[in-house]
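Straight run, no breaks: the sequence shown in the UniProt record's numbering ends on number 381. First comes the structure, then the notes that go with it.
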Amino acid sequence: MTDAHRAAYIAFDRFPSAKGSAVHIRHMAAELFDRHGGGLLCVLGGGDLPAYQREGGVEIVRFTDVVPNLLDRARAFSAWVADRLEPHHDTLEICHVRDPWSALPALTTGARLVYEANGLPSIELPYAWPMAAPSTLAKIREIEEHCLRRASAVVVPSYVIGTAVTDRGVAPDRVHLVPNGADPVAADVPRPPDAPGRYVVYVGALQPWQGVDVLLRAFARLADLTDLSLVVCSSVTPSRSRPLVRLAERLGVPVTWRFQLPHEDVAAWLAHAELSVAPLTATPRNLEQGCSPIKVWESMAAGTAVVASDLPVIREVLGDLGRFVPPDRPAELARAVRVLLEYPEICRDLGERSRQKIIGGYTWKHARSRLAEVYDLVVAH
1 MTDAHRAAYI AFDRFPSAKG SAVHIRHMAA ELFDRHGGGL LCVLGGGDLP AYQREGGVEI
61 VRFTDVVPNL LDRARAFSAW VADRLEPHHD TLEICHVRDP WSALPALTTG ARLVYEANGL
121 PSIELPYAWP MAAPSTLAKI REIEEHCLRR ASAVVVPSYV IGTAVTDRGV APDRVHLVPN
181 GADPVAADVP RPPDAPGRYV VYVGALQPWQ GVDVLLRAFA RLADLTDLSL VVCSSVTPSR
241 SRPLVRLAER LGVPVTWRFQ LPHEDVAAWL AHAELSVAPL TATPRNLEQG CSPIKVWESM
301 AAGTAVVASD LPVIREVLGD LGRFVPPDRP AELARAVRVL LEYPEICRDL GERSRQKIIG
361 GYTWKHARSR LAEVYDLVVA H
């Protein structure tokens, strides 16, 4: 017999996975389910992930249909979620969602809706589907605005995306800032056995807006530093990395590629790096929508200094604890890396102060506490 759940967390994301979104889902969903004694988690599946899983009071159901077209898959996911939620309409109190495809069926339940806006499909979709018609994007924005405006609360990880949400008509008093977090890495975490002697590390996905191509072009300008290597810990599969692998080969940049590593392994690569790099590009995805890159939070938690693109969303995270360069400028990025490597004591100081910032207010425990305050407000109203 199906449990009558009081809470549901719904995300059009594969879970678990090596992506930062999966880390975020794990912590935010845990806060919701701890509060309600369990609940229903609806996510994407695939690979070896089971379609159904039980963990204590939490039921995990995964959408496993193979639908190649992204929008068709989103529509099918919405219909599938509606079916999963239907038995719980009489008991659901809160539905926490991450996207409009999850929000639409949640709105039919009568439960309070908490919409966690980490990204806006109307801005992100053109990167995954460049041929999307303007009328399609306009319709998606309309759906997005409909769901955001009907939410009891909208949670955002940065002020930048908070502005994008209020620009879509959401009352500012219903928008709540809950920054991403990270857990401090132990000082004695073992060095990865296959790590190069000295290396700069990039962690994350490889979409165009991440600027990994800029990083590769920058590293080509550091060829004289023969004892320095570049490590890319990619959250996507080797097949999706091929264009960048070919670019690295063409530029003559030797790269140590690591794919879809367990989270604890990534922490070790970060902790033993000379520097971490976040070369985000100056695209609408990063400027208008914003983000709160978990790669930057986790670099800080590892005590590793960060060189990053000078974008509002990155300054919001790093404050004065990073070294900033103009985005999309390989020569500027190479220069910043070179200069910082020449002053290891500054690297150590930046890394340690970054780690203390995380410990002082930006662990996942802090993020969960802020989310709990949002739930309290939603219930009170």
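Glycine included, C-beta positions come from ideal geometry on N, C-alpha and C. All values derive from a computational prediction rather than experimental measurement.
With distances taken between CB atoms, is the gap from Arg-168 to Leu-148 smaller than 9 Å?
-> Along the sequence shown, read from residue 1 onward, the residue named residue 168 stands at position 168. Along the sequence shown, read from residue 1 onward, the residue named residue 148 stands at position 148. Their beta carbons are under 9 Å apart, which means Arg-168 touches Leu-148 by this criterion.
Going by C-alpha distance, which of Phe-77, Arg-84 and Glu-274 is nearest Asp-99?
-> Taking the sequence shown and counting its residues from 1, the one referred to as residue 99 is at position 99. Selected option, being the one with the closest Cα: Phe-77.
Can you name, in chain order, every residue of its own chain whose Cβ lies under 7 Å from the Cβ of Arg-112, other than the five neighbours on each side?
-> If you number the sequence shown from 1, residue 112 lands on position 112. Within the same chain, Arg-112 has close Cβ partners Glu-93, Ile-94, Ser-152 and Val-378.
What do you get for Asp-48, buried or exposed, if any count of 16 or more other CB atoms within 10 angstroms of its CB means buried?
-> Position 48 of the sequence shown, counted from the first residue, corresponds to residue 48. Looking at its Cβ environment, which holds fewer than 16 other Cβ atoms inside 10 Å, Asp-48 is exposed.
Compute the distance between the beta-carbons of Arg-348 and Ala-305, then report whether it is under 9 Å.
-> For the purposes of this step, residue 348 is taken as the residue at position 348 of the sequence shown. For the purposes of this step, residue 305 is taken as the residue at position 305 of the sequence shown. In contact: Arg-348 and Ala-305 (Cβ atoms closer than 9 Å).
In whole angstroms, what separates the C-alpha of Pro-193 from that of Thr-108?
-> Reading the sequence shown from its first residue, position 193 is the one you call residue 193. Reading the sequence shown from its first residue, position 108 is the one you call residue 108. Across the structure, Pro-193 and Thr-108 are spaced so that their CA atoms are roughly 52 Å apart.
Can Val-201 and Leu-244 be called in contact, C-beta distance under 9 Å?
-> As a position in the sequence shown, residue 201 is number 201, starting the count at 1. As a position in the sequence shown, residue 244 is number 244, starting the count at 1. No, the Cβ-Cβ distance between Val-201 and Leu-244 is not below 9 Å.
Run through the stretch 6-43 for me and flag every whole alpha helix (DSSP H) of 4 or more residues, listed as ranges in chain order.
-> 20-36
Identity of the residue in Thr-163, Val-61, Glu-249 and Arg-240 nearest Val-175 by Cα = As a working note, residue 175 is residue 175 in the sequence shown. Checked all of Thr-163, Val-61, Glu-249 and Arg-240; the closest Cα to Val-175 is Thr-163.
Helix, strand or coil: which one does DSSP assign to Trp-364?
-> Start at 1 with the first residue of the sequence shown, and residue 364 comes out as number 364. In this structure, Trp-364 counts as helix in the three-state DSSP scheme.
Residues bridged to Val-231 (per DSSP) | Here residue 231 is taken as the residue at index 231 of the sequence shown, counted from 1. DSSP lists Val-201 and Thr-256 as partners of Val-231.
Delimiting residues of the beta strand (DSSP E) encompassing Val-306 = Translated into the one-based positions of the sequence shown, residue 306 becomes position 306. From DSSP, the beta strand (DSSP E) with Val-306 extends over 306-309.
Give the single residue among Ile-294, Pro-126, Leu-275 and Arg-323 whose Cα lies nearest to the Cα of Ala-308.
-> Here residue 308 refers to the residue found at position 308 of the sequence shown. Among Ile-294, Pro-126, Leu-275 and Arg-323, the Cα nearest to that of Ala-308 is on Arg-323.
From which residue to which residue does the alpha helix (DSSP H) around His-176 run?
-> Taking the sequence shown and counting its residues from 1, the one referred to as residue 176 is at position 176. Taken as a continuous stretch (DSSP letters only), His-176 belongs to no alpha helix (DSSP H), being part of the beta strand (DSSP E) at 175-177.
Looking at C-beta atoms only, is the number of pairs between the stretch 257-274 and the stretch 230-249 that lie closer than 8 Å three or more?
-> yes
Exposure label - Glu-264; buried when at least 16 CB within 10 Å = Numbered from 1 along the sequence shown, position 264 holds the residue referred to as residue 264. It is exposed - the Cβ of Glu-264 has fewer than 16 other Cβ atoms within 10 Å.
Beta-carbon contacts of Thr-91 that lie in its chain and below 7 Å, excluding the five residues immediately before and after = If you number the sequence shown from 1, residue 91 lands on position 91. Counting only Cβ-Cβ distances below 7 Å, and skipping sequence neighbours, we find Ala-4, His-5 and Arg-6.
Close Cβ partners of Val-214 (< 8 Å) along its chain, the five nearest in sequence each way excluded = For the purposes of this step, residue 214 is identified with residue 214 of the sequence shown, where counting begins at 1. For Val-214, where only same-chain residues beyond five positions count, the Cβ hits under 8 Å are Pro-279, Thr-281, Pro-327, Asp-328, Arg-329, Pro-330 and Leu-333.
Assigned secondary structure, Ala-4 (DSSP; H/G/I helix, E/B strand, else coil) | Residue 4 sits at position 4 when you count from the first residue of the sequence shown. Looking at Ala-4 - three-state DSSP - the assignment turns out to be coil, as it is neither helix nor strand.
Would you say Ala-29 and Tyr-9 are within 9 Å of each other, going by their C-beta atoms?
-> Here residue 29 corresponds to residue number 29 of the sequence shown, with the count starting at 1. Here residue 9 corresponds to residue number 9 of the sequence shown, with the count starting at 1. Yes; because the gap between Cβ atoms is below 9 Å, this pair is in contact.
With DSSP as the reference, please indicate the residues paired to Arg-335 in a beta bridge.
-> Taking the sequence shown and counting its residues from 1, one reaches residue 335 at position 335. Partner(s): none; Arg-335 has no beta bridge.
So Glu-116 packs on Val-160, CB below 8 Å; how close in whole Å?
-> Position 116 of the sequence shown holds residue 116. Position 160 of the sequence shown holds residue 160. At roughly 15 Å, the Cβ-Cβ gap does not stay under 8 Å, so Glu-116 and Val-160 are not in contact.
Gln-53 - DSSP class collapsed to helix/strand/coil | The residue you call residue 53 lines up with position 53 of the sequence shown. Gln-53 falls in the strand class under three-state DSSP.
Given Pro-238, which residues of its chain have a CB within under 7 Å of its CB, disregarding the five upstream and five downstream residues?
-> Numbered from its first residue, the sequence shown carries residue 238 at position 238. So the qualifying residues of the chain are Phe-259.
Should Ser-299 go down as buried or exposed, given a rule of 16 or more other Cβ atoms within 10 Å for buried?
-> Here residue 299 refers to the residue found at position 299 when the sequence shown is read from its first residue. So Ser-299 ends up on the buried side.
Taking C-alpha atoms, which residue in Arg-26, Val-178, Arg-355 and Ala-273 lies nearest to Glu-373?
-> Position 373 of the sequence shown holds residue 373. For the residues Arg-26, Val-178, Arg-355 and Ala-273, the minimum Cα distance to Glu-373 belongs to Val-178.
Does the Cβ of Tyr-375 have 16 or more other Cβ atoms within 10 Å, making it buried, or fewer, making it exposed?
-> Numbered from 1 along the sequence shown, position 375 holds the residue referred to as residue 375. Buried.
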